[in-house]
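Chains as they are written, first to last, in the UniProt record's numbering: chain A, 1 to 211; chain B, 1 to 211. In this text, a Cβ means the ideal position worked out from N, Cα and C, and glycines have one as well. Keep in mind it's a predicted model, so treat the numbers as computed, not measured. The structure appears below as structure tokens.
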DNA sequence: GCAGCGGTCAACCTTTTGATCGATGGCCGC
DNA sequence: GCGGCCATCGATCAAAAGGTTGACCGCTGC
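Following this line, the structure appears as structure tokens:
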């Protein structure tokens, strides 16, 4: 028998860590060598231990995000593969994780066999994506982007908080004309024609974080 | 030694079920007698088995919600206690679960000891609330309510999807005047004066489900 | 050096939304 | 049966938001 695949579990929920450990313990050829309750610890432990695959959550209570940790881990030479295992998938998170160098992306409702299969695939550098995530990525590739500029996003966030154009202009030290100008660009980029529709569309696409 | 506390775990995530089972297995006096991957099965299993405490998730993939299952379980005579164990707490969910008769409400990031303590408390009928949930309930009691009527909520949901008054009136087979009328009532109840602010306020208070 | 883009602003006009007043009918509870 | 709440609709007016055009500046890249 060959070397076992060495795993690091990074999740802030003790219950989830125990669950992943329990599920993967029944699989032959897999070995959990460490657990990290924060993203920072995940980065440190991935460096200390010899690890083949990191199971990474995206949401941590505070501090570094899972995406940031993924980027930090994969940027090193001889780095382990990172398999993102998260509960809910917002579009922004998905994209960020993939850009950060994640090898796979699963949702926590995946059955154990699928999880184990994804771990083995990740160890070999092959990618496994949850169907919902795959569809999302396809949509993203198809839809040329609709990337909002920094300022446009900033304005849209304030719109989502319920501020009027006048309030936004004061908050950002702009004229109302500028606020409108940004919003018009946002509308055309998102293919909508009202502030509420823009917020809905941006939330659906994960451009705005759902609070 | 007295009788062990008999548990039913209801969660649609295999990983979480395994985690709860693993965490609680180390605790003396607790025994997991069944697992349910859906709310419907949870109701059925709670009736079949002799169960003291049900660990209930709120979000299931589809079909019956955790709150509905909680109501169904607790409505029977000699029913087990229901301890809600969920990932994220939206205000609407919290309230619904408490109204449905949940004995306790924990978040999944709770440490194992806290979880075990809550289970024992629930078995005796004592209530355990996660701090965040407790605060929320206090706020709710303090704020006289701002309960929206069924129709008002319906209109507000469509606003949140980005529809204009005209579109809403068509969707609900109403006149624009009626839509406006509902919205004015919503605004006064929420203490705001625009549709986007209403959506933001309602989302913050958990009246609208964050999608 | 110039084209392109992001960010800023102005003026003007149309549409939508919100504010106010009023009115009708149904249903529930005391 | 009457007051209160919900749901429905109409009309009117003022304010906010959206659409269009055009302009200027600063930065980046070819």
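* Where the beta strand (DSSP E) containing residue 6/A begins and where it ends -> Note, residue 6/A: beta strand (DSSP E), 5-10.
* At 7 Å on the CB atoms, spell out the chain A contacts of residue 109/B, in chain order. => 12, 13, 61
* Asked: Listing by chain order, which chain B residues have their CB less than 7 Å from the CB of residue 159/A?
  -> Under the 7 Å cutoff, chain B gives 196.
* To do: Count the other C-beta atoms from every protein chain shown that fall within 10 angstroms of the C-beta of residue 128/A, then say buried if there are 16 or more, exposed otherwise.
  => buried
* Asked: Nearest-angstrom Cα distance between residue 209/B and residue 199/B?
  -> So the two alpha carbons sit approximately 10 Å from each other.
* To do: Express the C-alpha separation of residue 156/A and residue 174/A in angstroms, rounding to a whole number.
  => Taking the Cα positions, residue 174/A is about 14 Å away from residue 156/A.
* Short CB-CB distance (under 7 Å) between residue 162/A and chain B -> yes
* Can you tell me which of the three DSSP states residue 70/B falls into? => helix
* Anticipated Cβ contact below 8 Å, residue 55/B with residue 5/B, distance rounded -> So it is not a contact: roughly 11 Å between Cβ atoms.
* Supposed contact pair residue 80/B and residue 52/B - C-beta distance, whole angstroms, cut 8 Å -> Rounded, the Cβ-Cβ distance is 6 Å, consistent with contact.
* Would you list, in sequence order, the uninterrupted alpha helix (DSSP H) runs of no fewer than 4 residues that lie entirely inside the UniProt domain "Response regulatory" (6-123) of chain B? => 14-25, 39-48, 66-74, 91-99, 112-123
* Taking the alpha carbon of residue 37/A as the point to measure from, which residue in 31/A, 26/A, 77/A, 64/A has its own alpha carbon closest? -> Nearest to residue 37/A by C-alpha distance, out of 31/A, 26/A, 77/A, 64/A, is 64/A.
* Which term fits residue 35/A, buried or exposed, when burial requires 16 or more other beta carbons within 10 angstroms of its beta carbon? -> buried
* Rounded separation between residue 133/A and residue 59/A - CA only -> 16 Å
* To do: Kindly indicate if chain B contains any beta-carbon less than 7 Å away from that of residue 29/A.
  => no
* Leaving out five residues on either side along the sequence, give the residues of the same chain with a beta carbon under 7 Å from the beta carbon of residue 43/A. => Taking residue 43/A as the centre and dropping the five residues before and after it, the same chain places the C-beta of 69, 72, 73 closer than 7 Å to its C-beta, in chain order.
* Asked: What whole-angstrom Cβ distance do residue 194/A and residue 164/B have, given they're in contact under 8 Å?
  -> With a contact defined as Cβ atoms closer than 8 Å, residue 194/A and residue 164/B qualify at about 6 Å.
* What is the residue span of the alpha helix (DSSP H) that residue 157/B lies within? -> 150-160
* Does the beta-carbon of residue 149/A have 16 or more other beta-carbons within 10 angstroms, so that it is buried, or is it exposed? -> When all chains shown are included, residue 149/A counts as exposed.
* Quick one: Cα of residue 161/B to Cα of residue 187/A, how far? -> 15 Å
* Leaving out the 5 sequence neighbours to the left and right, which residues in its chain are closer than 6 Å to residue 102/A when beta-carbon positions are compared? -> 70, 82, 84
* For residue 182/A, the first and last residue of its enclosing alpha helix (DSSP H) -> Residues 176-190.
* Asked: What are the partner residues of residue 129/B, as DSSP defines its beta bridges?
  -> 105/B
* Where do the N-terminal and C-terminal ends of the alpha helix (DSSP H) with residue 195/B fall, by residue? -> 195-204
* Asked: What do you get for residue 197/A, buried or exposed, if any count of 16 or more other CB atoms within 10 angstroms of its CB means buried?
  -> Label assigned to residue 197/A: buried.
* On the three-state DSSP scale, how would you describe residue 207/A? -> coil
* What separation, rounded to the nearest whole angstrom, lies between the Cα atoms of residue 14/B and residue 117/A? -> 15 Å
* Under the three-state DSSP convention, the category residue 134/A falls into -> helix
* Asked: Between residue 133/B and chain A, is there a C-beta pair that is closer than 7 Å?
  -> no
* Asked: Checking contacts by CB at 7 Å: is residue 128/B closer than that to chain A?
  -> Residue contact with chain A for residue 128/B: absent (no Cβ-Cβ distance below 7 Å to any residue of chain A).
* Partners in chain B for residue 16/A, counting only beta-carbon separations shorter than 8 Å -> For residue 16/A, the neighbours in chain B by C-beta distance under 8 Å run, in chain order, 15, 16, 19, 108.
* Asked: So is residue 23/A in contact with chain B if we call contact Cβ pairs under 7 Å?
  -> yes
* From the beta carbon of residue 112/A, is the nearest beta carbon of chain B less than 7 Å away? -> yes
* Asked: Whose Cβ in chain A lies nearer than 9 Å to the Cβ of residue 33/B?
  -> Residues of chain A passing the Cβ test: none, with the nearest at roughly 18 Å.
* Of the residues 7/B, 207/B, 11/B, the one placed nearest residue 108/B, counting alpha carbons only -> When each option's Cα is compared against that of residue 108/B, the closest is 11/B.
* Asked: Quick one: does residue 144/B have its CB under 7 Å from some CB of chain A?
  -> The predicted position of residue 144/B is uncertain, since its pLDDT is 49 and thus under 50; a value taken from the coordinates is nonetheless stated next. Not an interface residue.
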